């Protein structure tokens, strides 16, 4: 019998869902962003991505979610989406002044949330936690886990 309180993937999944619920609640209270829109905006404002393809690579969101979120942000006047002149299949995304203002407003709340989470740990504990998570990432990407056929 699986002990769910000791099942790492169950606990991580549950924790991830709780954090997502918390973030969604705060965003709904303090902005017009959905959680997926917020995550895209963080990437766009930080300048770490400029295309929808890069969004999918960094977030692991599927194409449909990225497309819906981008369309919503574009319809709200938060971002401009234009075809890449060097590659017509690629879309380039830029944040509008309205989008930047909306982002900065929501960022204050989301940074307080981040501070609350991070402040549960010492610097050494945080460093250790990030090291542990980095070790798990390649394991999560594996598909050849060596399950024996019984």
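Numbering (this note's numbering), first residue to last: 21 to 170.
Ideal Cβ positions, reconstructed from N, Cα and C, are used throughout, including at glycine.
Bear in mind that the values here come from a model prediction, so they are computed numbers and not experimental data.
Cβ-based neighbour list, residue 205, same chain, cut-off 8 Å, excluding 5 preceding and 5 following: Since the first residue shown for the chain is 21 and the last is 170, residue 205 is missing from the structure and cannot be characterised.
Delimiting residues of the beta strand (DSSP E) encompassing residue 102: Element bounds for residue 102: 99 to 104.
Inside the stretch 39 to 86 only - alpha helix (DSSP H) runs reaching at least 4 residues: Whole alpha helix (DSSP H) segments, 4+ residues: 55 to 66 and 72 to 79.
Beta-carbon contacts of residue 166 that lie in its chain and below 6 Å, excluding the five residues immediately before and after: The answer is none, since no qualifying residue turns up.
Helix, strand or coil at residue 109 [DSSP, three-state]: Taken through DSSP and simplified to helix, strand or coil, residue 109 comes out as strand.
Whether residue 75 touches residue 93 by CB criterion (8 Å): Cβ distance not < 8 Å, so residue 75 and residue 93 don't count as in contact.
Simplified DSSP state of residue 114, which is helix, strand or coil: Residue 114 falls in the strand class under three-state DSSP.
Residue 153, buried or exposed, once every other Cβ within 10 Å from all chains shown has been counted against 16: Residue burial annotation: residue 153 is exposed, with fewer than 16 other C-beta atoms found within 10 angstroms of its C-beta.
Own chain residues within Cβ distance below 7 Å of residue 70, not counting five before or after: If we look at residue 70 and ignore the five residues flanking it on each side, its Cβ neighbours are 112 and 113.
Beta-carbon separation (whole angstroms), residue 99 vs residue 116, contact threshold 8 Å: With 8 Å as the limit, residue 99 and residue 116 qualify as a contact, their Cβ atoms being about 6 Å apart.
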